[in-house]
Amino acid sequence: MMPLRCGALIKVEIKENHDVIIKSPYEMVTIFELLDGANDVEITPCPEDRLNPNKTWDARSLRLFPNESAVSEKQLNASLSFAKGAVQASLSRAAVEWLVLTANLTTLIQQINEMPFGVDEILLESLQISDDIDMPGRFTSKCLAQGQNTDFITRMSHWTYGEKEGCKSRYIRNALCVLGVEDLHSLSQYPNIMANKMLPEFDYAIVECVHEMIFNRTFLGQVDHPLDTEYYSNMVNVKYHKNRKRPDPSYVLNCRPRTIEWQQYPYP
1082 MMPLRCGALI KVEIKENHDV IIKSPYEMVT IFELLDGAND VEITPCPEDR LNPNKTWDAR
1142 SLRLFPNESA VSEKQLNASL SFAKGAVQAS LSRAAVEWLV LTANLTTLIQ QINEMPFGVD
1202 EILLESLQIS DDIDMPGRFT SKCLAQGQNT DFITRMSHWT YGEKEGCKSR YIRNALCVLG
1262 VEDLHSLSQY PNIMANKMLP EFDYAIVECV HEMIFNRTFL GQVDHPLDTE YYSNMVNVKY
1322 HKNRKRPDPS YVLNCRPRTI EWQQYPYP
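Everything in the sequence shown is counted per the numbering used here, starting at 1082 for the first residue and increasing by one.
What follows is the structure in structure tokens.
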């Protein structure tokens, strides 16, 4: 977990092994300002085998709010909506404070952990779309109900279930392309904050070259690929969150982004 501070702006990055940051500190600050308090969490359907159907999943049964007087009756009577996504996420300061100071996740985590596989991909995603539980910076379950996944920009990765030719490095691990120096040009253009996965023992050059790129952007004023600010401000979850903060009578939830998602960028 990596916090980023800039004045009153604080975001927390949740990372795993072999995740490498591909944006400079200044770029990250700009990105988080454009997110405007919205959490960045991947949202896809949650498989039935990831949860114990014999458990109850409402806020009161989960003892989610120790101080019931501090939350609304609607929150107390809410049931969790379920989603799955990448472990990597970017959370607003308000969301982190809510998770630590308002909510008690002990029972929820214990129940999720009863299942044998992929339990780390459920917690934040489910809280993110549970409308009535109302975590700060949240999204909504309405897009998933329409069969539409929600993109995120915290992590870039390229899944491939075919031949190794689907990867520029020609190396696959656990259905993911292991990134090599051949990917540097592509990584410099992606809107994502970090990339997965890089293995130093396979190709240390890509790690070193990305670090040099970040150094040059940070200290030498290198502008090789300016941030596409429209990409971030037009993300579905960002526009939804902005409307929650500053309601616009003309706003209509559109679960399809206005920009081409990074997964559709040409690769390899």
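Every residue, glycine too, gets a C-beta built ideally from N, C-alpha and C.
Between the stretch 1282-1298 and the stretch 1327-1345, the count of C-beta pairs closer than 8 angstroms stays below three; the two stretches do not touch. Per DSSP, Leu1132 has no beta-bridge partner at all.
Under DSSP, Ile1124 takes part in a beta bridge, and its partners are Thr1231.
In this structure, the beta-carbon distance from Ala1276 to Ile1124 does not fall below 7 angstroms. Across the structure, Pro1134 and Arg1298 are spaced so that their CA atoms are roughly 50 angstroms apart. Spanning the alpha carbons of Ala1286 and Asp1264 requires a straight line of approximately 11 angstroms.
The three-state reading of DSSP puts Leu1334 in coil, since its state is none of H, G, I, E or B. Of the candidates Leu1260, Lys1323, Asp1309 and Leu1308, Leu1260 places its Cα closest to the Cα of Val1101. The straight-line gap separating the alpha-carbon atoms of Gln1229 and Glu1202 is approximately 18 angstroms. Contact fails between the stretch 1109-1122 and the stretch 1183-1195, because fewer than three Cβ pairs, one in each stretch, are under 8 angstroms apart. The continuous stretches of alpha helix (DSSP H) do not include Ser1173, which lies in the beta strand (DSSP E) extending over residues Ala1170 to Ser1173. In this model, Thr1221 and Ser1250 are separated by some 37 angstroms (Cα to Cα).
Separation of Val1319 and Glu1195 (C-alpha to C-alpha, rounded to the nearest whole angstrom) is 33 angstroms. Contact annotation: Arg1131 and Gly1199 have beta-carbon atoms nearer than 7 angstroms.
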